[in-house]
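For the record, the sequence lines run as chains A and B. Residue 602 in my numbering sits at position 14 of the first sequence, with consecutive numbering throughout. Residue 158 in my numbering sits at position 84 of the second sequence, with consecutive numbering throughout. The beta carbon of each residue, even a glycine, is placed where N, CA and C say it ideally should be. Here's the structure we're looking at; comments come further down.
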Amino acid sequence: MERIPILKMGEFLLVTIQVDMHDRLALQLQDDLTNRISQTGAKGVLIDISALDIVDSFIGRMLANISLMSRVLDAATVVVGMQPAVAITLVELGLTLPGIRTALNVEKGMELLRAYAAGVASGGGDGGANVGADGEGADGGPVR
Amino acid sequence: MSAEEPRAAEEIALLTVEVQGERDVVLARQRARQVAELLGFDRQDQARVATAVSEITRNAWEYAGGGRVTFLQAGGALRVRVADDGPGIPHLQDVLDGQYASPTGAGRGIIGARRLVDRTRFDTAPGRGLTVELEKDLPAPTAAPDPAAVAAGLTRRAPAGSPLEEVQHQNQELLRVLDALNTHQAELDQLNRELSDTNRGVLALYAELDEKATELQRASETKSRFLSHMSHEFRTPLHSILGLARLLLDRADGPLTPEQEKQVLFIHRSASALAETVNDLLDTAKIEAGKLTVHAQPFTAAEMFRSLRGVFRPLLVADPVTGVAPVDLVFEDAAAALLPPLHTDEGKVIQILRNLISNALKFTERGEVRVGAVLAEGEDTLRFAVRDTGLGIAPEDRTRIFEEFVQVEGPDPQRRARGTGLGLPLSRRLARLLGGDIAVESEEGVGSTFTLTLPRVYTPPPSSGSGGSDAGLR
């Protein structure tokens, strides 16, 4: 059974999607990730989709679901490395991806997560929102 | 049917992807991206086309359980046709208007896909499946690449997901083969059962045959034993008769009148004939019992002819009127003198030839009986021929004469010596015992030729250790 690997880095979980996922694999990732968050008590999840050429409505929805679920489990989710073409397509597709935080690259994503964790630690409630660039609107250079 | 644009005239198929599983959705969108790339779309449009194909193909998989994605080059546009055999969309217009909320919560794929391409076309009816065509204009329609080159490029970029697909394909193949094998196995089992039934029958038959063979052998042995015993018992009184007749003829008991002498002579001759027959019978019995041994010794054909001549001279009766014998017995001595010596059982060869010659004389009223010998087949085989100018033998009788107790009727039974019908069969048995054989050629009314073929040097058969040179048994 193929799976997308989930790495633990300190208090964060790191997922790098390297393959074009079929739907079941995406659902599997969603399950695995929520399980890992509850097991490890991770404070943040970083999902790197820089290798994805295509994000259609299903995968987009899956990303949104992960984001929502992890927030319920008290972890922030940042999606990083979205290709500009993918971002544009998602918008054209009419997908709004509510609740997904995005960042240009892994480094910025980690910053975002740390800021969020610090905000939570300092009792700042829902702080630390969109610090990085919002991938959905960005048409900056390719991030690979 | 809802067509937003008239269909372009000609279309050229570039690639078809069969959607039979979830992974084929991934394959379809990857291929879509490759097609778009090869047709010159930029990265953004590649993503649009691939995403649109992904949405529509996923619908086909989810709602219809599969379908077929065909990529076509139609005029200045890329056309992707996704066809399925599912239930179709009963409320197509609602979906297109964004009024319809899918129970699965997704269902916005069609609308989204429409936004990503230039034209869409839907063809559906309940129970007839759904066909969606997506069209996107080529970035440079005038410089559209050669479809063949595009197809070739697609072939080169064989899908990354193909190993799994291949394995699945092979799996299905394997299942089919297994199925066929099972059927064959069942057939084989059936055949095996039939065969083993037949086998049992055959075994039973074999057992029966064995039993019969044993019985036959026992009967044959009994017959041989009976023959040899009887012959022995016959011989003793016969020798008494012969001895007493000889005594009478030698006047040991006083003179005989001419009439008495004639009668005693008849007695002697008949007893001799009977003794001969009994000896033949005995020999037959011995050969059958495998008790007759060969004792080979060197001798020449010329010597043998001399002794044969001596045996037959008294039998050539001169005609009382002309004083000349009607039948001439000729031995080709000159030719025989040139032959190399033989090394085999002389007694048995003489016995055979005597038999042949007396047969020939029996059936020849006038003319001659000619006995010759020649070398044949590489100097290792001698061929003796006994040629007569007698009645000849009818073709249908030529094999029968070698069967025991069979006699061919002559035209004048009164004149025929009564035989037992053992002579020729015995001769043939003896010839075979020596490694040779007897054959006959004949023309009715002209004459017959009996040929004895014999190896010049007798070699005992390899199986039996006997067949040696001593233990005379005559």
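Residues of its chain near residue i, where Cβ-Cβ distance is below 8 Å and the 5 sequence neighbours each way are ignored
| i | result |
| --- | --- |
| valine 401 (chain B) | Leu390, Leu435, Thr438, Glu439, Arg440, Gly441, Glu442, Val443 |
| leucine 427 (chain B) | Met378, Leu382, Val445, Phe458, Val460, Leu526 |
| glutamate 84 (chain B) | Ala148, Gly149 |
| leucine 312 (chain B) | Ala345, Leu348, Ala349, Val352 |
Alpha carbon of residue i to alpha carbon of residue j, nearest angstrom
| i | j | result |
| --- | --- | --- |
| aspartate 284 (chain B) | arginine 292 (chain B) | 12 Å |
| glutamate 699 (chain A) | arginine 117 (chain B) | 30 Å |
| phenylalanine 458 (chain B) | valine 385 (chain B) | 18 Å |
| phenylalanine 646 (chain A) | phenylalanine 600 (chain A) | 25 Å |
| phenylalanine 550 (chain B) | proline 164 (chain B) | Here chain B comprises residues numbered 75 to 548, so residue 550 (chain B) is not present and cannot be evaluated. |
| leucine 692 (chain A) | valine 191 (chain B) | 27 Å |
| arginine 702 (chain A) | arginine 649 (chain A) | 25 Å |
| glutamate 247 (chain B) | alanine 134 (chain B) | 25 Å |
| alanine 705 (chain A) | glycine 669 (chain A) | 21 Å |
| leucine 279 (chain B) | glutamate 240 (chain B) | 56 Å |
| glutamate 350 (chain B) | alanine 375 (chain B) | 24 Å |
| valine 352 (chain B) | serine 294 (chain B) | 19 Å |
| aspartate 471 (chain B) | histidine 258 (chain B) | 57 Å |
| isoleucine 654 (chain A) | valine 667 (chain A) | 10 Å |
| threonine 622 (chain A) | proline 213 (chain B) | 43 Å |
| proline 200 (chain B) | alanine 675 (chain A) | 36 Å |
| arginine 502 (chain B) | lysine 422 (chain B) | 11 Å |
| arginine 689 (chain A) | threonine 665 (chain A) | 6 Å |
| glycine 509 (chain B) | alanine 408 (chain B) | 26 Å |
| serine 270 (chain B) | lysine 297 (chain B) | 40 Å |
| glycine 162 (chain B) | arginine 188 (chain B) | 18 Å |
| leucine 330 (chain B) | lysine 336 (chain B) | 9 Å |
| glycine 141 (chain B) | threonine 628 (chain A) | 42 Å |
| valine 91 (chain B) | glycine 682 (chain A) | 27 Å |
| arginine 591 (chain A) | glutamine 616 (chain A) | 7 Å |
Cβ-based neighbour list, residue i, same chain, cut-off 7 Å, excluding 5 preceding and 5 following
| i | result |
| --- | --- |
| glycine 186 (chain B) | Glu129 |
| glycine 715 (chain A) | At glycine 715 (chain A), the pLDDT of 39 sits below 50, so the modelled position is not reliable; the number obtained from the coordinates is stated separately. Hits under 7 Å: Gly707. |
| proline 215 (chain B) | Gly150 |
| aspartate 419 (chain B) | Val368, His369, Ala370, Leu508, Tyr532 |
| proline 221 (chain B) | Ile86, Leu88, Gln147 |
| alanine 468 (chain B) | Glu518 |
Residue i at chain E interface by Cβ criterion, 9 Å
| i | result |
| --- | --- |
| aspartate 619 (chain A) | Here the protein chains are A and B, and chain E is not one of them. |
Proximity test, residue i beta-carbon vs the ligand MG heavy atom, cut-off 8 Å
| i | result |
| --- | --- |
| arginine 461 (chain B) | As far as ligands go, the structure on display features none, and thus does not contain the ligand MG. |
Neighbourhood of residue i by C-beta distance below 6 Å, restricted to the same chain and skipping five residues each side
| i | result |
| --- | --- |
| leucine 498 (chain B) | Ile475, Phe476 |
| threonine 523 (chain B) | Ala459, Arg461, Glu515 |
| leucine 595 (chain A) | Leu602 |
| valine 338 (chain B) | Ala319, Leu322, Leu323 |
| glycine 733 (chain A) | Nothing about residue 733 (chain A) can be read from this structure; chain A reaches only from 589 to 732. |
| glycine 711 (chain A) | The pLDDT assigned to glycine 711 (chain A) is 49, lower than 50, so where the model puts this residue is not dependable, and the model offers no usable value. |
| valine 224 (chain B) | Leu88, Leu112 |
| arginine 343 (chain B) | none |
Element boundaries [beta strand (DSSP E), containing residue i]
| i | result |
| --- | --- |
| glutamate 335 (chain B) | Segment 332-362 is the alpha helix (DSSP H) holding glutamate 335 (chain B); no beta strand (DSSP E) there. |
| serine 45 (chain B) | Outside the displayed span of chain B (75 to 548) sits residue 45 (chain B), for which this structure offers no information. |
| methionine 670 (chain A) | Careful: methionine 670 (chain A) lies outside any beta strand (DSSP E) and carries neither H nor E. |
| glutamate 517 (chain B) | 511-517 |
| isoleucine 594 (chain A) | 594-597 |
| threonine 144 (chain B) | 141-148 |
| phenylalanine 196 (chain B) | 193-198 |
| aspartate 462 (chain B) | 455-462 |
| aspartate 327 (chain B) | No beta strand (DSSP E) contains aspartate 327 (chain B), which DSSP labels as neither H nor E. |
Exposure of residue i, with buried meaning 16 or more beta-carbon neighbours within 10 Å
| i | result |
| --- | --- |
| threonine 205 (chain B) | buried |
| alanine 600 (chain B) | Residue 600 (chain B) falls outside the range modelled here, since chain B spans only 75 to 548, and no answer is possible. |
| alanine 370 (chain B) | buried |
| leucine 634 (chain A) | buried |
| isoleucine 605 (chain A) | buried |
| arginine 530 (chain B) | buried |
| lysine 286 (chain B) | exposed |
| alanine 639 (chain A) | exposed |
| phenylalanine 145 (chain B) | buried |
| alanine 106 (chain B) | buried |
| valine 607 (chain A) | exposed |
| asparagine 266 (chain B) | exposed |
Boundaries of the alpha helix (DSSP H) in which residue i is found, first to last residue
| i | result |
| --- | --- |
| lysine 436 (chain B) | 420-436 |
| glycine 384 (chain B) | 375-386 |
| leucine 507 (chain B) | 497-507 |
| isoleucine 637 (chain A) | Premise fails: isoleucine 637 (chain A) is in no alpha helix (DSSP H) and is neither H nor E. |
| glutamate 554 (chain B) | In this structure chain B extends from 75 to 548, so residue 554 (chain B) is not present and cannot be described. |
| leucine 403 (chain B) | Counting along the chain, leucine 403 (chain B) falls outside any alpha helix (DSSP H), though it belongs to the beta strand (DSSP E) covering 401-405. |
| alanine 652 (chain A) | 645-660 |
* Asked: How do the segment 119-136 of chain B and the segment 148-157 of chain B stand: do at least 3 beta-carbon pairs fall below 8 Å, yes or no?
  -> Between the segment 119-136 of chain B and the segment 148-157 of chain B there are three or more C-beta pairs closer than 8 Å, enough to call the two in contact.
* **Stretch-stretch touch, CB-based, cutoff 8 Å, three pairs: the segment 608-622 of chain A with the segment 83-98 of chain B** => yes
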